[in-house]
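Asks: Mind looking over this structure? Questions follow.
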Amino acid sequence: MIEKRRNHPLYFAVAALGMLFAVSACAYCVMSFRAARGGDVYSAADRDGGLMRLMRERGGTILAIEIAALAAASVAAMASDRRGDAAAGMPMATDADNADALREPPSTGE
């Protein structure tokens, strides 16, 4: 009988960090496009507030921190998932399991 796997808590952290990074990257792109069009991002710094101002002043740092956190959470989720599978007695694929599939068929001597 197939046992249903439970979701690992780190998967939710990876998903949340991924969505946060996607929103931040989109906001940074909007800010950049507005500036490239000779827009109001840099000329109206006093009037412009909120997210565009934050992205203009600290966008690169925010994106770097988010991508580092996303990478760390992803690696942690993958590492703990393998340990969880081994502890639960679930079979894990190894090179020995796939050795027959990797071998070339014997030559026919032709």
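Residue -12 is where the sequence shown starts when you use the numbering used here, and the numbers rise one by one after that. Each residue gets a CB set at the ideal place from its N, CA and C atoms; glycine is no exception. Predicted, not measured: the structure shown is a model, and the values here were computed from it.
#1: In whole angstroms, what separates the C-alpha of Asn(-6) from that of Ile52?
#2: Would you call Val1 buried or exposed, if buried means 16 or more other Cβ atoms sit within 10 Å of its Cβ?
#3: Measuring only the C-alpha atoms, how far is Met39 from Ala56?
#4: Where does Gly5 sit, in a helix, a strand or coil, going by DSSP?
#5: For Ala66 and Thr95, I'd like the C-alpha separation in whole angstroms.
#6: Could you tell me which of Pro(-4), Met6, Tyr(-2) and Leu(-3) sits nearest to Leu50, measuring between CA atoms?
Replies: Concretely, from the data shown:
#1: Between the alpha carbons of Asn(-6) and Ile52 lies a gap of roughly 26 Å.
#2: Result: buried.
#3: Taking the straight line from one Cα to the other gives about 22 Å.
#4: The three-state secondary structure of Gly5, taken from DSSP, is helix.
#5: The alpha-carbon atoms of Ala66 and Thr95 are separated by roughly 44 Å.
#6: Met6
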